[in-house]
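What follows is the structure, encoded as structure tokens:
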């Protein structure tokens, strides 16, 4: 029997996700892929939910490693770049938005979020507005990627009606992000 460690299981699970999609990822399939018996996976993860949470955390590593804002950064540019990084990271894996949806930040994530919120507050944004803007932009980004990935899956399985133009998902994301930032600018101006 092959010995596996936690990191190998997560990496193989993410590769499986990319190949078959979120709905087809199963511990049975993963065990077969790893050449182990299914109960072996439970040495590393108590449940499939624990495995999915570890996969989501690993999938977000590139965004979690992005540089934190510095006092000299323009908050509007940083905010937009932060959400673009989040979007790019979600798009790295098939069904990345579905994998991430419903997860909660870990302790290391909370330290980064606290730093980001402190940066926005130091830039003159009211704390409550900074929290709500980060939350709304995060939800918007996940939803935007979810729709983009669903649209890509739909394109692969069906023919689009000739009178329906394809959606430019990146342009739609940028337009929505600009509206969020513009709203935050306006709230900041009025405060």
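Numbering (this note's numbering), first residue to last: 15 to 205. A virtual CB, placed ideally from N, CA and C, is assigned to each residue, including glycine.
**Study point:** Local conformation of residue 196 per DSSP, three classes
**Key:** helix
Review point. Can you tell me the Cα-Cα spacing of residue 202 and residue 86, whole angstroms?
Key: 18 Å
Exercise for review: Could you tell me whether the stretch 178-190 touches the stretch 152-166, where touching means 3 or more Cβ pairs closer than 8 Å?
Suggested key: yes
Check your understanding: Do you know how far the Cα of residue 177 is from the Cα of residue 129?
Key -> Residue 129 and residue 177: Cα-Cα distance of roughly 47 Å.
Review point. When the Cα of residue 46 is compared with those of 18, 124 and 35, which residue comes out closest?
Key: 18
Check your understanding: Can you give the beta carbon distance from residue 193 to residue 139, rounded, assuming they're within the 8 Å contact cut?
Key -> Not confirmed; about 16 Å, so no contact.
Check your understanding: For the alpha helix (DSSP H) that contains residue 53, what are its first and last residues?
Key -> 52-55
**Study point:** Pair within 8 Å by beta-carbon distance, residue 77 and residue 93
**Key:** no
Review point. Who are the Cβ neighbours of residue 263 in its own chain at under 6 Å, not counting the five residues just before and after it?
Key: No answer is possible for residue 263: the residues shown for the chain start at 15 and end at 205.
Exercise for review: Measure how close the beta-carbons of residue 217 and residue 114 come, nearest whole angstrom, since I'm counting them as under 8 Å.
Suggested key: As displayed, the chain neither begins before 15 nor continues past 205, which places residue 217 out of reach and without an answer.
Practice item. Rank 44, 133, 81 and 200 by C-alpha distance to the C-alpha of residue 88 and give the top, closest one. Key: 133
Check your understanding: alpha helix (DSSP H) containing residue 127: first to last residue?
Key -> 121-136
Point to revise | Delimiting residues of the alpha helix (DSSP H) encompassing residue 62 | key: 62-73
Check your understanding: If you drop the 5 nearest sequence neighbours on each side, which residues of the same chain put their C-beta closer than 7 Å to that of residue 32?
Key -> 107 and 108
**Study point:** Given residue 97 as reference, the closest of 195, 205 and 200 once Cα atoms are compared
**Key:** For residue 97, the nearest C-alpha among the options comes from 195.
Check your understanding: Going by alpha carbons, who is nearest to residue 156 out of 28, 70, 51 and 136?
Key -> 70
Review point. Which of the three DSSP states, helix, strand or coil, is assigned to residue 17?
Key: coil
Check your understanding: Do you know whose CA, among 181, 136, 191 and 141, lies nearest residue 153's CA?
Key -> With distances taken between Cα atoms, residue 153 lies closest to 191.
Point to revise | Coarse secondary structure for residue 88, derived from DSSP in three states | key: coil
Practice item. Buried or exposed for residue 83, please, with buried defined as at least 16 other CB atoms from any protein chain shown within 10 angstroms of its CB. Key: With 16 or more Cβ atoms within 10 Å of its Cβ, residue 83 is classed as buried.
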